[in-house]
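Asks: Please find one structure pasted underneath; my questions will follow.
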């Protein structure tokens with residue numbers, strides 16, 4: 080309905096194009112967001128733009144776990160009360176935040192920065208697997224907390240082969256029906272594995 | 080699931096907060112978008128931020144119709160092939176773009192910059208109604224192309240009272256069933272008005 084030619088302003092068009100480059104934002108939504116910003120006071124627009132701009136240089140990565148951080152060491156790795164002998168391997172920053180939000184985990188992390196994906200052109204050398212191997216020793220437990228799809232399983236297996244020689248303990252997340260899930264809505268793969276990996280009932 | 084406290088970086092948190100200030104963007108989507116930007120090369124982030132930043136100062140408004148423009152006069156008002164005696168009054172820039180996209184209109188526009196909304200705290204003086212009154216004379220047709228809800232009708236009526244003394248012709252958009260609409264899915268108000276305002280059948 081709104082074509083590229085009838086943008087009334089080059090500046091507006093540039094902003095819409097930038098916003099619509101974000102994943103999941105179409106050109107109509109981008110226009111709506113750009114016009115929303117345009118109605119804001121100038122200082123609010125500047126603040127918005129500079130908040131984004133600072134992502135380019137002011138975000139650092141923890142030298143140990145590769146987590147996003149404001150300095151060279153993240154708050155989790157710097158925390159001596161945490162268990163530095165348990166390393167949870169995750170794909171992304173978002174996974175760390177999800178696990179932290181559970182409040183159930185007191186170990187540290189290792190952020191791979193992606194997952195091995197031949198189709199996506201991501202190989203082991205694009206991830207922080209070498210840094211993980213350097214961290215691992217015989218007295219460490221490595222929890223492979225990657226997604227349960229083919230790429231996640233492939234990455235888990237690749238990492239396992241890289242670290243098994245160190246004598247460390249390697250574990251993975253429990254998989255099965257979610258708490259509160261109903262059997263009739265579960266997919267058959269999950270249900271089948273939940274039966275195969277059944278646990279002792281603890282009343 | 081992801082709380083405010085466990086953001087791993089102040090810079091990331093600021094960016095997420097800025098993005099989630101946009102309408103319809105929740106904090107989870109904002110985090111996803113911020114992490115997407117974070118993975119981009121620095122120059123792409125700078126380009127994105129500066130595209131937004133330029134909205135603050137580099138967008139101008141046409142002195143005649145109040146449309147977004149790169150200069151003091153928009154391309155439509157500057158176009159002498161258009162009919163400057165027909166003024167289509169719309170709420171926003173987006174409406175102009177929607178009407179332009181139809182390719183059916185050869186007149187000019189007047190952008191109100193909003194709609195009278197007592198609940199939203201928008202009164203007639205917040206809109207460009209005074210500038211419209213200054214543009215109108217007896218040989219002009221004013222098309223009130225505002226939305227069909229209570230606020231749109233109120234605004235249309237207010238504008239009509241302001242300009243009727245000039246002797247101009249005042250029209251409004253045709254309302255009725257959409258082309259291709261099925262009767263059984265039409266709301267009763269639209270259907271009722273479509274019957275009341277029935278038109279001569281032109282085979």
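Chains as they are written, first to last, in my numbering: chain A, 80 to 282; chain B, 80 to 282. Beta carbons: idealized from backbone N, C-alpha and C, even for Gly. In this text, all values refer to a predicted model and were calculated from it rather than measured experimentally.
By the 8 Å beta-carbon criterion, what residues does the segment 123–152 of chain B contribute toward chain A?
Replies: 124, 125, 126, 127, 128, 129, 130, 131, 132, 133, 134, 135, 136, 137, 138, 139, 146, 147, 148, 149
Asks: Please list, in chain order, the chain A residues whose beta carbon lies closer than 7 Å to that of residue 256 of chain B.
Replies: Below the 7 Å Cβ cutoff, chain A contributes no neighbours of residue 256 of chain B, its closest Cβ being approximately 19 Å away.
Asks: Going along chain A in order, which residues have a C-beta closer than 8 Å to the C-beta of residue 93 of chain B?
Replies: 130, 133
Asks: In this structure, what does DSSP give as the bridge partners for residue 186 of chain A?
Replies: A:162
Asks: Given this structure, state the Cα-to-Cα distance separating residue 247 of chain B from residue 239 of chain B, to the nearest angstrom.
Replies: 10 Å
Asks: By a C-beta neighbour count over all protein chains shown, 10 Å radius and 16 as the cutoff for buried, is residue 179 of chain A buried or exposed?
Replies: buried
Asks: Return the CA-CA distance between residue 250 of chain A and residue 193 of chain A, expressed in angstroms with no decimal places.
Replies: 19 Å
Asks: Would you tell me roughly how many angstroms separate the C-alpha atoms of residue 229 of chain B and residue 259 of chain B, rounded to the nearest one?
Replies: 26 Å
Asks: Could you tell me whether the Cβ atoms of residue 172 of chain B and residue 221 of chain B are closer together than 9 Å?
Replies: no
Asks: Using a C-beta to C-beta distance shorter than 7 Å, which residues of chain A count as neighbours of residue 115 of chain B?
Replies: 101, 102
Asks: Fully enclosed by the segment 191–263 of chain A, which beta strand (DSSP E) runs are 3 residues long or longer?
Replies: 220–223, 248–251
Asks: 9 Å is my cut-off, CB to CB: does residue 155 of chain B come that close to chain A?
Replies: yes
Asks: Listing by chain order, which chain B residues have their CB less than 7 Å from the CB of residue 173 of chain A?
Replies: Neighbours of residue 173 of chain A in chain B, taken as residues at a C-beta separation under 7 Å, are given in chain order as 110, 114.
Asks: Within 9 Å (strictly less), CB to CB, does residue 86 of chain A reach chain B?
Replies: yes
Asks: With a CB to CB cut of under 6 Å and the five nearest residues on each side skipped, what residues in its chain are close to residue 165 of chain A?
Replies: 186, 220
Asks: Express the C-alpha separation of residue 106 of chain A and residue 252 of chain A in angstroms, rounding to a whole number.
Replies: 39 Å
Asks: For residue 190 of chain B, count neighbouring Cβ atoms within 10 angstroms of its own Cβ and tell me buried if that reaches 16, exposed if not.
Replies: buried
Asks: Could you check which residue in B:145, B:158, B:233, B:154 has the C-alpha nearest to that of residue 342 of chain B?
Replies: No information on residue 342 of chain B is available, as it lies outside the stretch 80 to 282 that chain B covers here.
Asks: Buried or exposed for residue 32 of chain A, please, with buried defined as at least 16 other CB atoms from any protein chain shown within 10 angstroms of its CB.
Replies: The first residue shown for chain A is 80 and the last is 282, placing residue 32 of chain A beyond what the model contains.
Asks: Taking CB distances under 9 Å as the criterion, tell me whether residue 96 of chain B reaches chain A.
Replies: Yes, because at least one Cβ of chain A sits closer than 9 Å to the Cβ of residue 96 of chain B.
Asks: Please decide whether residue 217 of chain A counts as near chain B, where near means a Cβ-Cβ distance under 9 Å.
Replies: no
Asks: Taking the CB atoms as reference points, tell me whether residue 125 of chain A and residue 137 of chain B lie closer together than 9 Å.
Replies: Contact: no.
Asks: My assumption, with CB atoms under 8 Å, is that residue 90 of chain A sits in contact with residue 149 of chain B. Please give the rounded CB distance.
Replies: 6 Å
Asks: Does any residue of chain A bring its CB to less than 9 Å from the CB of residue 160 of chain B?
Replies: False, the Cβ-Cβ gap to chain A never drops below 9 Å.
Asks: Which same chain residues end up closer than 7 Å to residue 231 of chain A when comparing Cβ atoms and leaving out the 5 residues on each side of it in sequence?
Replies: 194, 225
Asks: Return the Cβ separation of residue 115 of chain B and residue 101 of chain A in integer angstroms, given the expectation that the two are a contact with Cβ distance under 8 Å.
Replies: 6 Å
Asks: Since I believe residue 161 of chain A is in contact with residue 151 of chain A (beta carbons under 8 Å), could you give me their beta-carbon distance rounded to a whole number of angstroms?
Replies: Contact between residue 151 of chain A and residue 161 of chain A fails: their C-beta atoms lie close to 18 Å from each other, not under 8 Å.
Asks: Is it the case that the Cβ atoms of residue 177 of chain A and residue 212 of chain A are separated by a distance below 9 Å?
Replies: no
Asks: By DSSP, does residue 156 of chain B sit in helix, in strand, or in coil?
Replies: helix
Asks: Could you tell me if residue 127 of chain A is buried or exposed, where buried requires 16 or more neighbouring beta carbons within 10 angstroms of its beta carbon?
Replies: buried
Asks: Check whether the Cβ of residue 169 of chain B lies closer than 9 Å to any Cβ atom in chain A.
Replies: no
Asks: For residue 121 of chain A, return the contacting residues in chain B, with the cut-off set at a CB-CB distance below 7 Å.
Replies: 135, 136
Asks: Closer than 7 Å by beta-carbon distance: list the chain B residues that pair up with residue 249 of chain A, in chain order.
Replies: The contacting residues do not exist; residue 249 of chain A stays about 25 Å from chain B at best.
Asks: Assign residue 95 of chain A to buried or exposed, taking buried as 16 or more other Cβ atoms, counted over all protein chains shown, within 10 Å of its Cβ.
Replies: Buried: at least 16 other Cβ atoms inside 10 Å.
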